[in-house]
Amino acid sequence: MFEDGLEINWGYILDSVITYGIQVAILIIAILIIAPIGKKLIKTALKKSSAKQSEARIQTLEKLLLNVFSYVLIFIFIVMFFGIIEQPIGPLLAGAGVIGLAIGFGAQGLVSDVVTGFFILLEKQVEVGDYVTAAGYDGIVEEVGLRTTQIRGFDGTLHFVPNREIAGVSNHSRGNMRALVDIGISYDDNIDQAMNILQGICDEFAEDSRFVEGPNVLGVQAFGSSEIVLRILGKTVNMEQWGAERDIRKRIKEAFDQNNIEIPFPHQVNIQKSQ
585 MFEDGLEINW GYILDSVITY GIQVAILIIA ILIIAPIGKK LIKTALKKSS
635 AKQSEARIQT LEKLLLNVFS YVLIFIFIVM FFGIIEQPIG PLLAGAGVIG
685 LAIGFGAQGL VSDVVTGFFI LLEKQVEVGD YVTAAGYDGI VEEVGLRTTQ
735 IRGFDGTLHF VPNREIAGVS NHSRGNMRAL VDIGISYDDN IDQAMNILQG
785 ICDEFAEDSR FVEGPNVLGV QAFGSSEIVL RILGKTVNME QWGAERDIRK
835 RIKEAFDQNN IEIPFPHQVN IQKSQ
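Each residue of the sequence shown is one higher than the last, beginning at 585 in the working numbering.
1) Take residue 860 and list the residues in its own chain whose beta-carbon comes closer than 6 Å to its own, dropping the five residues that flank it on each side.
2) So does the region 710-727 actually touch the region 747-762, counting three or more Cβ pairs closer than 8 Å?
3) Is it true that the region 726-735 meets the region 784-794, where meeting means three or more beta-carbon pairs spaced less than 8 Å apart?
4) Evaluate the contact criterion for the region 754-767 versus the region 737-745: three or more CB pairs, one atom per stretch, below 8 Å.
5) Who are the near neighbours of residue 824 in its chain, counting only those whose CB is closer than 6 Å to its CB and skipping five residues on each side?
6) Which stretch, first to last residue, makes up the alpha helix (DSSP H) that contains residue 738?
7) Determine the burial state of residue 715: buried for a count of at least 16 other Cβ atoms within 10 Å of its Cβ, exposed for fewer.
8) Can you name the start and end residues of the alpha helix (DSSP H) that residue 780 belongs to?
9) Would you tell me roughly how many angstroms separate the C-alpha atoms of residue 746 and residue 760, rounded to the nearest one?
10) Taking the DSSP output, what are the residues bridged to residue 623?
11) Got a sec? Which residues, its chain only, sit under 7 Å from residue 695 by beta carbon, not counting five neighbours each side?
12) Pull the bridge partners of residue 758 from the DSSP assignment, please.
13) Between which two residues does the beta strand (DSSP E) carrying residue 752 extend?
14) Reducing DSSP to helix, strand and coil, say where residue 798 ends up.
15) Where residue 810 and residue 765 are concerned, what is the direct C-alpha to C-alpha distance, given to the nearest angstrom?
16) Would you report the Cα separation of residue 618 and residue 625, rounded to the nearest angstrom?
The structure is reproduced here in structure tokens:
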């Protein structure tokens, strides 16, 4: 009993809490059931269309659609929650609209992110699994969204890049890649002999499944301060170029050692002055 004579109707409050609590619990259970079913349907539908789309494209669309589906579920939950507690959603949406308009002028970057993300997806500039250079970052694309693009650097760092900062994209995963190896020999060595040895190594790697063309010796690439630079070039399957280059360099070192061809390295000459 309050001093002003008002009495709390605990029975009514308890009935309301139980009634609303049961309805909210049912809503939460329904959302928890619908969420995995919806995600499963999205994945199944995309798998059925895999014949028409590349695997990378399927992964990109899957992550995007799952995000959109999650946002829609959250919106439905909020609307139904206010319906359960008998609060009109109209004034709430109107108020949210006014607030959104007020903060919209400060959210131009967000709008730019969404617009840029839309065109990145529409034009298929990048897809999940692509090796790209974008906004100053190198790495593998893990997720493409309407607001951000996630790029995993080769050191393991995950970069969240706002789409508006992606002014240009260098996609290194479209088509075959180049395996390029420059090797130096001393000025005292025979260039033709070195090139013949290198071409023999190239012929060995021509049978390697990683190469789709070449490799071949291009010839003398440059004259250094203490070396003559010879270049090998070939085309490899995407993302296999680095491993192929490492194996070629190892094989070159072994062949040069067998044929007494020197790979130059910096020399230091010390001069002692007599006093």
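Glycine is no exception: its CB is placed at the ideal position from the N, C-alpha and C atoms.
This is what the structure gives:
1) Within the shown structure, residues of the chain are numbered from 585 to 859, placing residue 860 beyond reach of any answer.
2) Touching, yes, given that three or more Cβ pairs across the two stretches are closer than 8 Å.
3) Inter-segment contact for the region 726-735 and the region 784-794 is absent: fewer than three beta-carbon pairs are separated by less than 8 Å.
4) The region 754-767 is not in contact with the region 737-745.
5) 794
6) Taken as a continuous stretch (DSSP letters only), residue 738 belongs to no alpha helix (DSSP H), as it is neither H nor E.
7) Residue environment for residue 715: buried (at least 16 other C-beta atoms within 10 angstroms of its C-beta).
8) 775-789
9) If you take the alpha carbons of residue 746 and residue 760, they lie about 29 Å apart.
10) DSSP lists no partner for residue 623.
11) Closer than 7 Å at Cβ, skipping near neighbours: no residue.
12) The partner list for residue 758 (beta bridge, DSSP) is empty, contrary to what the question assumes.
13) Per DSSP, residue 752 belongs to no beta strand (DSSP E) and is neither H nor E.
14) strand
15) 18 Å
16) Cα-Cα distance, rounded: 10 Å.
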